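Here is the structure we will look at, set down as structure tokens.
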Amino acid sequence: MFAAALFDLDGTLVDTEPRSQAAWRRLFSQHGVALAGPLLASFAGRPGKTVLAENLHLFPGDATVDDLFAEAMSYATSAAEPMPGAVELVQALHELGWPIGVVTSGTRDYANAELTALGVRPLFETVITAEDVSRGKPDPEGYLLGCTRLGAEPARTVVFEDAPAGIEAAKAAGTFCVAIGADSSAADLAVADWTRVRPPFSFTATEKPE
Numbered sequence: 081m082f083a084a085a086l087f088d089l090d091g092t093l094v095d096t097e098p099r100s101q102a103a104w105r106r107l108f109s110q111h112g113v114a115l116a117g118p119l120l121a122s123f124a125g126r127p128g129k130t131v132l133a134e135n136l137h138l139f140p141g142d143a144t145v146d147d148l149f150a151e152a153m154s155y156a157t158s159a160a161e162p163m164p165g166a167v168e169l170v171q172a173l174h175e176l177g178w179p180i181g182v183v184t185s186g187t188r189d190y191a192n193a194e195l196t197a198l199g200v201r202p203l204f205e206t207v208i209t210a211e212d213v214s215r216g217k218p219d220p221e222g223y224l225l226g227c228t229r230l231g232a233e234p235a236r237t238v239v240f241e242d243a244p245a246g247i248e249a250a251k252a253a254g255t256f257c258v259a260i261g262a263d264s265s266a267a268d269l270a271v272a273d274w275t276r277v278r279p280p281f282s283f284t285a286t287e288k289p290e
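Here the sequence shown is numbered in the numbering used here, starting from 81 and rising by one per residue.
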């Protein structure tokens, strides 16, 4: 049924949401900006610089998006744990001969560091990052580029995602999307083709989605 697989990174392969949310909360607090729930949620699955640009008017002074992003990244220093079963699934797909890749809203250095820490960086044939696209999720550009680099038709590519913006991007690209959002509601994941809520990767590489 499928010929290739693409993975989101944060919240899908690595459990980075607690760390990321703490960093954004600290950034806003340091600048005296109230960070309401909807604003915090808007960072999920989207490029941080894009969200900051949309909300730059909230920050006093003349700080730039790049300044604020660098500051937030300096707060995200704790090690992230892999999502349950994620490494095992990546290894299983690789052993089956599937071409696999990552499509993330993060930077290249960040993505390579996280994948290296998980011990799976050499298993991915391509890693699409914020530097590779002009439009981040929910735009499908990243997933379309990932399919192209893997030499796979979108309809025969399965995407693993956890955030609504990423799921929207995967579906807009024409891929089959598996939502594994352990921290998202069923309503947030409803647009996906198949859902695994908790634990995220409780299926095997050879199990066929219904």
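By construction, the Cβ of each residue, glycine as well, lies at the ideal position given by its N, Cα and C atoms. In this text the structure is predicted, and so the values were computed from the model without any measurement.
Nearest candidate by alpha-carbon position, reference residue i, set the options
i	options	result
G22	A245, T228, L224	Past the boundaries of the shown model lies residue 22; the chain is included only from 81 to 290, so the question cannot be answered.
F256	A267, P280, A156, C227	C227
F204	G112, S154, L148, V167	V167
A250	G199, L198, V182, P98	V182
A160	L120, G91, A85, W178	G91
A210	A197, P202, D189, T196	D189
E151	A102, R236, E233, L107	L107
F82	A232, F139, L136, T130	A232
A197	G141, L169, P162, H174	P162
Neighbourhood of residue i by C-beta, 8 Å cutoff - its chain only, sequence neighbours within 5 removed
i	result
V258	V238, V239, F240, E241, A272, D273, W274, T275, R276, P289
V213	D219, E221, G222, L225
E248	K217, P218, V271
R229	G181, E205, T206, I208
Residues near residue i in its chain [Cβ-Cβ closer than 6 Å; skip 5 each side]
i	result
D268	P244
A133	V145
P179	A84, E205, L230
DSSP-derived helix/strand/coil call for residue i
i	result
F149	helix
K288	Model confidence at K288 stands at a pLDDT of 44, short of 50, so the residue's coordinates are unreliable; what they give is reported in the following sentence. In this structure, K288 counts as coil in the three-state DSSP scheme.
W178	coil
T255	coil
P242	The amino acid at residue 242 is misidentified as Pro; the sequence shows Asp. Correct three-state label for D242: coil.
P162	strand
Buried or exposed (CB count within 10 angstroms, at least 16 for buried), residue i
i	result
T96	buried
S100	buried
A116	exposed
Span of the beta strand (DSSP E), counted from its first residue to its last, around residue i
i	result
F87	84 to 87
E31	As shown, the chain starts at 81 and ends at 290. That puts residue 31 outside it, with no answer to give.
Close beta carbons around residue i, own chain, < 7 Å, minus the five adjacent residues each side
i	result
L89	V182, T184, G186, A191, E194
I260	T92, F240, D242, R276, P280, F281
Boundaries of the alpha helix (DSSP H) in which residue i is found, first to last residue
i	result
V131	128 to 134
T196	188 to 198
E211	Note, E211: premise wrong, no alpha helix (DSSP H); not H, not E.
Heavy atom of the ligand SAH within 7 Å of residue i beta-carbon
i	result
L230	In terms of ligand content, the structure shown is empty, and the ligand SAH therefore cannot be addressed.
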